[in-house]
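Novice:
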Amino acid sequence: MRIQSVSRRGFVGGAAAALGTLAIRPDIALARGVRRIPGWTPYWGPTQSQTDEYDALAHLSSNENPFGPSEKMLEAMTYAFKYSMRYGFPNNNVMQKIADEHGFTRDNLLLGAGSGEILEVAGLTYLGHGKKIVGVEPTYTTVYRTATGIDADVIALPLAADHSQDIELMVDTVNRHYRDIGLVYLCNPNNPTGVPVMADEVAYLLDNIPEDVPVLIDEAYHHFVDHPSYQESLKYVHEGRRVLIARTFSKLYGIAAMRIGFAIASPDMIEEMRPYSTGSVNVLAQWGAVAGLEDVAAQQAYLSHNRRFREQTVADLEGFGYESIPSETNFIMVNLRTPVAPIRRAFRERGIAVGRDFPPMLEHLRVSIGSEEEMGRFMNAFEDIMSSTATTGGSRG
Ligand SMILES: Cc1ncc(COP(=O)(O)O)c(C=O)c1O
225 MRIQSVSRRG
235 FVGGAAAALG
245 TLAIRPDIAL
255 ARGVRRIPGW
265 TPYWGPTQSQ
275 TDEYDALAHL
285 SSNENPFGPS
295 EKMLEAMTYA
305 FKYSMRYGFP
315 NNNVMQKIAD
325 EHGFTRDNLL
335 LGAGSGEILE
345 VAGLTYLGHG
355 KKIVGVEPTY
365 TTVYRTATGI
375 DADVIALPLA
385 ADHSQDIELM
395 VDTVNRHYRD
405 IGLVYLCNPN
415 NPTGVPVMAD
425 EVAYLLDNIP
435 EDVPVLIDEA
445 YHHFVDHPSY
455 QESLKYVHEG
465 RRVLIARTFS
475 KLYGIAAMRI
485 GFAIASPDMI
495 EEMRPYSTGS
505 VNVLAQWGAV
515 AGLEDVAAQQ
525 AYLSHNRRFR
535 EQTVADLEGF
545 GYESIPSETN
555 FIMVNLRTPV
565 APIRRAFRER
575 GIAVGRDFPP
585 MLEHLRVSIG
595 SEEEMGRFMN
605 AFEDIMSSTA
615 TTGGSRG
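Residue numbers (the numbering used here): 225 to 621.
Encoded structure:
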């Protein structure tokens, strides 16, 4: 076989010419025969008018922090831009900082591109053909979707009448299907209801199922819980239980678009999961996360804003005759007593994005707690939409 040598000069010149073409006129590069993958449409980003529409929306659909990253986080991320071209970049000791903050070592940690990746990795690790995952419905469905994609079964249990998770039913179900259970999923507090599972019930669950059944506890919203009977579940990892805690920087710390989350579990579980993870978290996210952990004042400011506007929104809705499920998170679910889908469209027509359908709770609207301005717009639109729904034969009252 003949190996053709390319002179450095020729190579650099050719590459620069190709890059120049691509950078300046992507349409020409395509026309000259750069192959398209079938079914793939090149994405050049939203148009200006689409971006303007997005920016003008009240974003009350995805439980985001309306303030975004704090000044200190922005500073850290801006500094880290200078490493954008590197692979082995300084990461501001992110693993050690997260480990210290939670009282663990780096062996207990797995980083993910959002806790969504952690949920997927847990599903891929512990499920598979013929395996079952047990959890409730409605809940956050990433791990259920992973399960379905790899031919595992989802046992989705109904919520109790007060919208809490029926832990006794969960225990019975796990024990009944013990041989086939790959994973138990406990979203605590639960999304979309906002209801936490209290400490004694988490203990009951873990004490009454076989100790080799892995339990994934999704604590995406744990920072928001004030209820005195609630506790984080980190202590169960210290106790050596087969428990895996998923956490995120998308909510309290306000960097959902940066994509960083993590798992805390025993070193054994971390090693079981590692082969399924990409291990790829970008440099800005890592620097932003460290600054976010350190910026306690920003965390407190957002938590008190959230508490205040959650309480006020619940009271205002009650004033209009609509009851919300008591929430310990940065969103609420209000019972509209009429199908939510057309109401959601009416909100969207008024420039307000609210939560999607959460079957089987199709008459409950999930609303994230946004900025003061966004909540004002929401309440004005609510009054407008629901009064016309009532007068046109909706089921208010
Ligand atoms: C309960 C729950 N878990 C996990 C996630 C995933 O968050 P992220 O992937 O942004 O960390 C979300 C996002 O809304 C969530 O509500």
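Built from N, CA and C at the ideal position, the CB exists for glycine as well.
This structure is a prediction, so every number in the text was calculated from the model and none was measured.
Reducing DSSP to helix, strand and coil, say where L476 ends up.
Specialist: Here residue 476 is taken as the residue at index 252 of the sequence shown, counted from 1. Note: L476 maps to coil in three-state DSSP.
Novice: So D396 is in the alpha helix (DSSP H); what residue range does that whole segment cover?
Specialist: On the sequence shown, residue 396 is found 172 positions in, with the first residue counted as 1. Where D396 is concerned, the enclosing alpha helix (DSSP H) stretches over I391 to R400.
Novice: Let's see if you can read the secondary structure: which residues bound the beta strand (DSSP E) around G545?
Specialist: In the sequence shown, counting from the first residue as 1, residue 545 sits at position 321. Looking at the DSSP string, G545 is not in any beta strand (DSSP E), and its letter there is neither H nor E.
Novice: Residues in the same chain with beta-carbon distance under 7 Å from V170, minus the five sequence neighbours each way, listed in chain order, please.
Specialist: As shown, the chain starts at 225 and ends at 621. That puts residue 170 outside it, with no answer to give.
Novice: Here's the rule I'm using: 16 or more other beta-carbon atoms within 10 Å means buried, otherwise exposed. How should T302 be labelled?
Specialist: Locating residue 302 in the sequence shown gives position 78, where the first residue counts as 1. That one is exposed.
Novice: Secondary structure at S592, three-state DSSP: helix, strand or coil?
Specialist: On the sequence shown, position 368 is the one that residue 592 refers to. Strand, per DSSP.
Novice: Give a yes or no on contact between the stretch 481 to 488 and the stretch 460 to 472, applying the rule of three or more CB pairs nearer than 8 Å.
Specialist: Enough Cβ pairs lie closer than 8 Å, so yes.
Novice: For ligand 1, I want to know if G340 counts as a neighbour, meaning its beta carbon is within less than 7 Å of at least one of the ligand's heavy atoms.
Specialist: Here residue 340 refers to the residue found at position 116 when the sequence shown is read from its first residue. For ligand 1, at least one heavy atom lies less than 7 Å from the Cβ of G340.
Novice: Using three-state DSSP, classify T245 as helix, strand or coil.
Specialist: Counted from its first residue, the sequence shown places residue 245 at position 21. Confidence in T245 is poor, its pLDDT being 31 and thus under 50, which makes the residue's placement unreliable; the coordinate value appears in the next sentence. Note: T245 maps to helix in three-state DSSP.
Novice: Are the stretch 589 to 596 and the stretch 287 to 303 in contact at 8 Å, needing three or more beta carbon pairs?
Specialist: As far as the Cβ criterion goes, the stretch 589 to 596 touches the stretch 287 to 303, which means the pair count is three or higher.
Novice: Can you tell me which of the three DSSP states A444 falls into?
Specialist: For the purposes of this step, residue 444 is taken as residue 220 along the sequence shown, with counting starting at 1. DSSP places A444 in coil when its eight states are reduced to three.
Novice: Please say whether H387 and E552 have beta carbons closer to each other than 8 Å?
Specialist: Position 328 of the sequence shown, counted from the start, is the residue given in the question as residue 552. Position 163 of the sequence shown, counted from the start, is the residue given in the question as residue 387. Cβ distance not < 8 Å, so E552 and H387 don't count as in contact.
Novice: Any idea which residues DSSP pairs E361 with across the strands?
Specialist: In the sequence shown, the residue the question calls residue 361 occupies position 137. In the DSSP output, where bridge partners are listed per residue, E361 has P382.
Novice: My assumption, with CB atoms under 8 Å, is that S490 sits in contact with V345. Please give the rounded CB distance.
Specialist: Here residue 490 refers to the residue found at position 266 of the sequence shown. Here residue 345 refers to the residue found at position 121 of the sequence shown. Actually they are not in contact, since the Cβ atoms of S490 and V345 sit about 15 Å apart, beyond 8 Å.
Novice: What number of angstroms, rounded off, separates the C-alpha of H283 from the C-alpha of S611?
Specialist: Here residue 283 corresponds to residue number 59 of the sequence shown, with the count starting at 1. Here residue 611 corresponds to residue number 387 of the sequence shown, with the count starting at 1. One C-alpha to the other measures close to 23 Å.
Novice: Assign P499 to one of two classes, buried (16 or more other C-beta atoms within 10 Å of its C-beta) or exposed (fewer than that).
Specialist: Numbered from 1 along the sequence shown, position 275 holds the residue referred to as residue 499. So P499 counts as exposed.
Novice: Is DSSP giving Y350 helix, strand or coil here?
Specialist: Locating residue 350 in the sequence shown gives position 126, where the first residue counts as 1. Helix.
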